[in-house]
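Residues 1 to 45 (the UniProt record's numbering) make up the sequence shown, in order.
Beta carbons: idealized from backbone N, C-alpha and C, even for Gly.
Fair warning: this is a prediction, and the values are worked out from it, not measured in the lab.
The next block holds one structure in the form of structure tokens; read it before the comments.
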Amino acid sequence: MDSNRYVELIANNPGKWPINGTKTFHQSNNGHTPGGMSTQLIYNE
């Protein structure tokens, strides 16, 4: 099973952009915070 995900986008606003899930279990560690997944997209002009 392929576990990779690919996203194609046009970047036109430089900066650091958080990418995270919006579901509670994505933002916690077995129901406790802090925890969960966190990714950051960094775009330098």
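The C-beta distance from E45 to P14 rounds to 4 Å, short enough to meet the 8 Å contact threshold. In the three-state scheme derived from DSSP, where H, G and I count as helix and E and B as strand, T39 is classed as strand.
In this structure K16 touches Q40 by the C-beta definition: roughly 6 Å separates them, less than 8 Å.
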